[in-house]
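So the protein lines, in turn, are chains A and B.
Counting from 1, position 108 in the first sequence corresponds to residue 108 in UniProt numbering; the numbering is continuous, with no gaps.
Counting from 1, position 205 in the second sequence corresponds to residue 205 in UniProt numbering; the numbering is continuous, with no gaps.
In this text, a Cβ means the ideal position worked out from N, Cα and C, and glycines have one as well.
This one's a predicted model, so the numbers in the text were calculated from it and none came from an experiment.
There are 2 protein chains.
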Amino acid sequence: MGKVLIIGAGGVGTVVAHKMAGLPKVFSEIMLASRTKAKCDAIAEKIGGNRIQTAQVDADSVPQLVKLIRSFQPDLVVNVALPYQDLTIMDACLETGVSYLDTANYEPKDEAKFEYKWQWAYHDRFKEAGLTAILGCGFDPGVTSIFTAHAAKNVFDEIQYLDIVDCNAGDHGKAFATNFNPEINIREVTQKGKYWENDDWQLTEPHEIHKPLNYPNIGPKESYLIYHEELESLVKNFPTIKRARFWMTFGQEYLTHLRVIQNIGMAGIEPIMYEGKEIVPIQFLKAVLPDPGDLGENYHGETSIGCRIRGLKDGKEQTYYIYNNCSHEAAYKETGMQAVSYTTGVPAMIGAMMFMQEKWKKPGVYNVEQFDPDPFLEELNQHGLPWNELHNVDLEL
Amino acid sequence: MGKVLIIGAGGVGTVVAHKMAGLPKVFSEIMLASRTKAKCDAIAEKIGGNRIQTAQVDADSVPQLVKLIRSFQPDLVVNVALPYQDLTIMDACLETGVSYLDTANYEPKDEAKFEYKWQWAYHDRFKEAGLTAILGCGFDPGVTSIFTAHAAKNVFDEIQYLDIVDCNAGDHGKAFATNFNPEINIREVTQKGKYWENDDWQLTEPHEIHKPLNYPNIGPKESYLIYHEELESLVKNFPTIKRARFWMTFGQEYLTHLRVIQNIGMAGIEPIMYEGKEIVPIQFLKAVLPDPGDLGENYHGETSIGCRIRGLKDGKEQTYYIYNNCSHEAAYKETGMQAVSYTTGVPAMIGAMMFMQEKWKKPGVYNVEQFDPDPFLEELNQHGLPWNELHNVDLEL
Chain A
1 MGKVLIIGAG GVGTVVAHKM AGLPKVFSEI MLASRTKAKC DAIAEKIGGN RIQTAQVDAD
61 SVPQLVKLIR SFQPDLVVNV ALPYQDLTIM DACLETGVSY LDTANYEPKD EAKFEYKWQW
121 AYHDRFKEAG LTAILGCGFD PGVTSIFTAH AAKNVFDEIQ YLDIVDCNAG DHGKAFATNF
181 NPEINIREVT QKGKYWENDD WQLTEPHEIH KPLNYPNIGP KESYLIYHEE LESLVKNFPT
241 IKRARFWMTF GQEYLTHLRV IQNIGMAGIE PIMYEGKEIV PIQFLKAVLP DPGDLGENYH
301 GETSIGCRIR GLKDGKEQTY YIYNNCSHEA AYKETGMQAV SYTTGVPAMI GAMMFMQEKW
361 KKPGVYNVEQ FDPDPFLEEL NQHGLPWNEL HNVDLEL
Chain B
1 MGKVLIIGAG GVGTVVAHKM AGLPKVFSEI MLASRTKAKC DAIAEKIGGN RIQTAQVDAD
61 SVPQLVKLIR SFQPDLVVNV ALPYQDLTIM DACLETGVSY LDTANYEPKD EAKFEYKWQW
121 AYHDRFKEAG LTAILGCGFD PGVTSIFTAH AAKNVFDEIQ YLDIVDCNAG DHGKAFATNF
181 NPEINIREVT QKGKYWENDD WQLTEPHEIH KPLNYPNIGP KESYLIYHEE LESLVKNFPT
241 IKRARFWMTF GQEYLTHLRV IQNIGMAGIE PIMYEGKEIV PIQFLKAVLP DPGDLGENYH
301 GETSIGCRIR GLKDGKEQTY YIYNNCSHEA AYKETGMQAV SYTTGVPAMI GAMMFMQEKW
361 KKPGVYNVEQ FDPDPFLEEL NQHGLPWNEL HNVDLEL
């Protein structure tokens, strides 16, 4: 039994609140806070049962966060706000003595850098304060890392080749929309490709490496090697990994739109002066694009995200493919949000549950693969994201 | 000899000022005014010889315009500002008793409509005041209408089929840029297609009708039927025309960029609320895109714009093709502006010359084809836009 404060009322925050509301034995009190209290109120009303308290907070402001945390006194803060806000929320947790969980690593606003260094630097302070910080507990990062930890613990003696494969075979019926915050999404997918091999990071041009991969229940989809943040912690925490890559599917139209958005300057993260006001092009674009939270209603098809792993067991090479498929329609029916929000929010809720049940609790800052994967994966099966595994199949990679 | 006030210091205003500066016997005094006086000062300094006076004026404000016109007392106002500002400038001309010339018809800001009705409604007032208003005196509209008037006067007894063909075979080396004000450009090319046939306007989807056409010294280029404003006045002033169409070349990449710009909502002309401020997406896009005035330096290739006409002469069907080719590099070398600005600015200067020399002067509001084309076309040959004609060739149309 514990009190939890959720910060962020987008699609993911909605799913987290929904899922926690149904588990009063784990989450006795829930508060949902964001910059716009009305968004929290709407979510709370939809969930009903007076399960969700709401509050207004500017997550860029440590004093505001501290004040809110002091007044509500949660056991855990679940941060599903923007990645820019990870550090202010961690600062507020340290100041108030509360543990922390998030779903995406900190990213400085003025450069598209995806590195854990800023958050890992908090390790000693969290450790000394006796507080737990759980980093990257969504689907990817999150479940993909827990799948890897499970393979390392229960399937292989030594994992050697890791390919995380992320397919969204959904169709939202819009000419162009991003599945989560467009600013973060576009920053992520337009960066250079990067993967781990030969004890070092290998760089590629954006979308330079791609091939069709077959996804369960979906079929072949062109998949692009991109950098994704969990690679950084996985190669550190599993040093037997010789090569680690991340693949994501994109449609031709999506890539064409991205290319044009960059060409016309609307992906820019440097502010320009417009009528006497500094405006960041990609932030203005976000305001013009469809709200990812509104995509759910007509979203068909499913996502398929998993890990394809090659390694050694009893001295012999084995292959292993562990994955979850999630239906956009089923996710929407349950929570009013599409699968991309659902697959991020459910793991965040389970990570919070692991903390409340003291299964994942150790002072310091940790990535999810540094905790025991077994209890997490048991719960994942119970809460809407059942996983499947295939042994010794052709990994195509 | 006369005094001229140029309003608008973009690429076209730069060309007009350059050209007028070299003709002191026609333009004894020249003032260049725009919202940003510094832009006028920079142009004046580059032209040198103390030929250009400068002033600040907000062309949306009739009182400001009246004040400036009263203090400078020009014989003619040459409006090369934005099409939104045609009516305020015409109002100021009426109030101060000064004649008027522009290069593009009035367009309301909140709907992409290209019609002469708003400006034609000023006819009686200009007539009663004894003032001349010359509408659409750029290249297209402008020279294309004068080419048509020349054909009607000197080549045919009856013109029947008119196709205006506008090819820009230049390469500016940028992934995407527009050749003139991107806001006006995108509004124009994303509207539905429209042409005149069977005594009525025929509508098409945007870019629905297209075919490759051969352009002199350039070769075949895919050409798209779009609506262009001179069609409206031409079919009115030459009632023997059975069909009138306008074709413009676009590259595949340009069209892809346009399609995406529309898909993502950045072509929108309705303001959206952004951080408490109303911002029109297409106006913000304009601020992000390359300034058309900066395209000149690396612009290669040439434009080719003309009229392909079929009609009767002495009872027999004849064909006629009259056109000008303009080199981006030559235009830039002479004025620091590329050919799209050059081909608009030179005709505006010649129209102003026609007025000063009293060759084009009659009280009322007139489109250029309602004046004598001969003296204009003579000057066009002298001032950088020589034209060519071909008789009885295959028009491809």
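Based on Cα-Cα distance, which residue from B:Gly293, B:Lys359, B:Ala44, B:Glu183 lies nearest to Val340 of chain B?
The residue with the shortest Cα to Cα distance from Val340 of chain B is B:Gly293.
Completely contained beta strand (DSSP E) runs for the segment 296-331 of chain B, where each covers 3 or more residues:
As far as the segment 296-331 of chain B is concerned, its whole beta strand (DSSP E) runs of at least 3 residues are 302-313, 316-327.
If distances are taken between C-alpha atoms only, which option among B:Val365, B:Pro373, B:Pro363 comes closest to Pro347 of chain B?
Ranking B:Val365, B:Pro373, B:Pro363 by CA distance to the CA of Pro347 of chain B puts B:Pro373 first.
So which residues of chain B does Leu289 of chain A contact, with C-beta pairs closer than 7 Å?
Going along chain B in sequence order, the residues near Leu289 of chain A (Cβ under 7 Å) are Ile264, Gly265.
With distances taken between CB atoms, is the gap from Asp110 of chain A to Asp86 of chain A smaller than 7 Å?
Contact: no.
Give, in chain order, every residue of the UniProt domain "Saccharopine dehydrogenase NADP binding" (4-134) of chain B whose Cβ lies closer than 8 Å to some Cβ of chain A.
For the UniProt domain "Saccharopine dehydrogenase NADP binding" (4-134) of chain B, which is checked against every Cβ of chain A, not one residue is closer than 8 Å.
Closer than 7 Å by beta-carbon distance: list the chain B residues that pair up with Leu255 of chain A, in chain order.
For Leu255 of chain A, there are no C-beta contacts with chain B under 7 Å, since the nearest C-beta of that chain is about 11 Å from it.
Please name the residue, chosen from A:Leu94, A:Tyr84, A:Glu115, that lies closest to Thr132 of chain A on a Cα-to-Cα basis.
The residue among A:Leu94, A:Tyr84, A:Glu115 with its C-alpha nearest the C-alpha of Thr132 of chain A is A:Leu94.
Name the two residues that bound the continuous alpha helix (DSSP H) containing Leu76 of chain A.
Note, Leu76 of chain A: premise wrong, no alpha helix (DSSP H); beta strand (DSSP E) at 76-79.
Hey, is Val280 of chain A's beta-carbon within less than 7 Å of any beta-carbon in chain B?
Cβ-Cβ to chain B under 7 Å: no for Val280 of chain A.
Just the Cα atoms here: how many angstroms apart are Val4 of chain B and Met90 of chain B?
Taking the Cα positions, Val4 of chain B is about 15 Å away from Met90 of chain B.
Please confirm if Phe176 of chain A has its CB atom under 7 Å from at least one CB of chain B.
Answer yes: the Cβ-Cβ gap between Phe176 of chain A and chain B drops below 7 Å somewhere.
On a CA-only basis, which of A:Asn154, A:Leu213, A:Leu162, A:His228 is nearest Glu188 of chain A? Give me that one, please.
With distances taken between Cα atoms, Glu188 of chain A lies closest to A:His228.
Does the beta-carbon distance from Ile309 of chain B to Leu68 of chain B come in below 7 Å?
No.
Thinking Phe176 of chain B and His300 of chain B are a contact (beta carbons under 8 Å), I'd like their distance in whole angstroms, please.
Phe176 of chain B to His300 of chain B, Cβ: 17 Å. No contact.
Is Ile226 of chain A closer than 7 Å to Ala169 of chain A when the C-beta atoms are compared?
Against a cut-off of 7 Å, the Cβ pair of Ile226 of chain A and Ala169 of chain A comes out as no contact.
If you run the structure through DSSP and keep just helix, strand and coil, what is Trp360 of chain A?
Coil.
Does the separation of the CB atoms of Gly345 of chain B and Val16 of chain B fall below 7 Å?
In this structure, Gly345 of chain B places its C-beta atom within 7 Å of the C-beta atom of Val16 of chain B.
Would you mind stating whether Leu380 of chain B and Gln338 of chain B have Cβ atoms separated by less than 7 Å?
No.
Would you please state the rounded distance, in angstroms, between the beta carbons of Met356 of chain B and Val26 of chain B? I believe it to be under 8 Å.
The Cβ separation is near 5 Å, so the contact holds.
With distance defined between alpha-carbon atoms, name the residue in B:Val155, B:Phe238, B:Asp124 nearest to Glu317 of chain B.
If we check each option's Cα against that of Glu317 of chain B, B:Val155 comes out closest.
Give me the DSSP bridge partner(s) of Trp201 of chain A.
DSSP links Trp201 of chain A through a beta bridge to A:Trp196.
Applying the 10 Å Cβ sphere with the 16-neighbour rule, what's the burial state of Ser28 of chain A?
With fewer than 16 other Cβ atoms from the protein chains shown falling within 10 Å of its own Cβ, Ser28 of chain A counts as exposed.
Using a Cβ-Cβ cut-off of less than 7 Å, list which residues of the segment 317-349 of chain B approach chain A; keep chain order.
Those residues of the segment 317-349 of chain B that come within reach of chain A (Cβ to Cβ, closer than 7 Å) do not exist; the list is empty.
Beta carbon proximity, Phe371 of chain B to chain A, threshold 7 Å
Chain A places no beta carbon closer than 7 Å to that of Phe371 of chain B, leaving this residue out of the contacts.
Along the beta strand (DSSP E) that carries Gly49 of chain B, what are the first and last residues, could you check?
No beta strand (DSSP E) contains Gly49 of chain B, which DSSP labels as neither H nor E.
Going along chain A in order, which residues have a C-beta closer than 7 Å to the C-beta of Tyr274 of chain B?
In chain order: Phe284, Ala287.
Quick one: give me the first and last residue of the alpha helix (DSSP H) that Val15 of chain A is part of.
Counting along the chain, Val15 of chain A sits inside the alpha helix (DSSP H) bounded by residues 11-21.
Partners in chain B for Lys361 of chain A, counting only beta-carbon separations shorter than 9 Å
Going along chain B, no residue has its Cβ under 9 Å from Lys361 of chain A, so there is no contact; the nearest lies around 40 Å.
For Pro375 of chain B and Ser233 of chain B, I'd like the C-alpha separation in whole angstroms.
Pro375 of chain B and Ser233 of chain B have their alpha carbons spaced roughly 21 Å apart.
Helix, strand or coil, according to DSSP, for Leu377 of chain A in the structure here?
DSSP, reduced to helix, strand and coil, places Leu377 of chain A within a helical segment of the structure shown.
Assuming contact is defined by CB atoms lying nearer than 7 Å, are Thr240 of chain B and Glu297 of chain B in contact in what I supplied?
Against a cut-off of 7 Å, the Cβ pair of Glu297 of chain B and Thr240 of chain B comes out as no contact.
Of all Cβ atoms in chain A, is any one closer than 7 Å to the Cβ of Val260 of chain B?
With a threshold of 7 Å between beta carbons, Val260 of chain B makes contact with chain A.
Comparing C-alpha positions only, which one of A:Tyr320, A:Val62, A:Pro74, A:Cys40 sits nearest to Asp394 of chain A?
Of A:Tyr320, A:Val62, A:Pro74, A:Cys40, the residue nearest in Cα terms is A:Tyr320.
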